[in-house]
Amino acid sequence: MSDYIETLRSKYDAHFGSEPSTVFPGHEYWDDSAGVPAIDVFVYRKEDTGRPHDVLITAGMSRQPMNFLPTYEGERWASELIWYFDEADRHDLQTTRWLAGLPFYDRFVLGFGHTVQFGMPIFEGGHLRHFLLLNTLVKIDARLFDDFHAAAHPVDLLWVVPLSEREYRLKREQGIDGLMPVFAENAHPVTVDKQRGCYLGGEGV
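If you're matching positions, the sequence shown starts at 1 in UniProt numbering and goes up one per residue.
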C-alpha cells in the first residue's frame, strides 16, 4: 500500500469510525502496463460503522491527474468513488476497481454528471447496465475531502449510481436535468437496489 493510499486509509478510518473489513488491492485488476495508478477499494461494514449500509470507497484515483482535454480550459479536479450496499460482495469490489481505473486506461475525465456505458447487467439477473456519477446524498460523506490537500487538484467524491438502458438514454439525450426529476419522483435511495426495475418502465417492472 502506497504512502498516499495509507494517508487516505487513515482519513477514511477516522471518518467511518472503524477499519475496513475488506481491502481490495489495485494490482489484482489492472496490470502495470495499463497506465492505471495504484487504487485500492475499501469496504466499511454497517455492523462496524453503525450506518444502515455497507460503504465501498476508492483510494488512489485522486493521486494521478486525469486526461483533461483543452475544452476544459483551466478547470481541474481529482476523483474518488463511493457507493452504498445492503451487503457488498466481491463482485461489487471488482466492479468498483474496474470503474476507478477506466479514466486512466481510456484517458478520459470522470466527474459529476458523467455517465459510463457498460452494456451488460452490472448485477446478475438485474436490469441496471450503466453508471452515472453524482454528488453523494450522505451529507457527512460529501464533506469528506473538504480539508484534504494532498492531491494535485481538489477531490470530488463521486457517488456511483447504476442506470437502466432507458435511464441512460434519457440522460444522454436530455442531460442530468432530464433524469433528476425521474429519480425524485421515485424517491431514488442511497443504497443500491441491485434488482430494481427501470423507473421509466419496460425493464424489470
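Where a beta carbon is used, it is the ideal one built from N, C-alpha and C, also for glycine.
Are the beta-carbon atoms belonging to residue i and residue j less than 7 Å from one another?
i: residue 116; j: residue 66; result: no
i: residue 153; j: residue 100; result: no
i: residue 81; j: residue 24; result: no
i: residue 160; j: residue 104; result: no
i: residue 123; j: residue 171; result: no
i: residue 144; j: residue 15; result: yes
Excluding five sequence neighbours on each side, which residues of the same chain lie with their C-beta closer than 7 Å to the C-beta of residue i?
i: residue 112; result: 133, 134, 135, 156, 158
i: residue 88; result: 43, 54, 56
i: residue 68; result: 76, 109
i: residue 45; result: 21, 54
Give the DSSP bridge partners of residue i, in chain order.
i: residue 162; result: 131
i: residue 183; result: BP columns for residue 183 are empty, so no partner.
i: residue 242; result: The shown model of the chain, from 1 to 205, leaves out residue 242, and the question about it has no answer.
i: residue 71; result: DSSP lists no partner for residue 71.
i: residue 24; result: 41
i: residue 191; result: 84
Under the assumption that residue i contacts residue j (Cβ atoms under 8 Å), give the Cβ distance between them as a whole number of angstroms.
i: residue 43; j: residue 54; result: 6 Å
i: residue 58; j: residue 22; result: Contact doesn't hold; Cβ gap of about 13 Å is too wide.
i: residue 219; j: residue 192; result: The shown model of the chain, from 1 to 205, leaves out residue 219, and the question about it has no answer.
i: residue 130; j: residue 118; result: 5 Å
i: residue 5; j: residue 60; result: 5 Å
i: residue 168; j: residue 186; result: Rounded, the Cβ-Cβ distance is 16 Å, inconsistent with contact.
Going along the chain, which residues of its own chain have a beta-carbon closer than 6 Å to the beta-carbon of residue i, five neighbours each way excluded?
i: residue 151; result: 62, 78
i: residue 19; result: 13
i: residue 114; result: 133
i: residue 8; result: 59
Could you give the DSSP three-state label for residue i: helix, strand or coil?
i: residue 150; result: coil
i: residue 136; result: coil
i: residue 199; result: coil
i: residue 85; result: strand
i: residue 38; result: coil
i: residue 117; result: strand
i: residue 145; result: coil
i: residue 157; result: strand
i: residue 108; result: coil
i: residue 123; result: coil
Cutting at 8 Å between CB atoms, please list the residues of its own chain near residue i, excluding the five before and the five after it.
i: residue 148; result: 11, 155
i: residue 217; result: Since the displayed the chain opens at 1 and closes at 205, residue 217 lies outside it and no answer follows.
i: residue 121; result: 127, 128, 129
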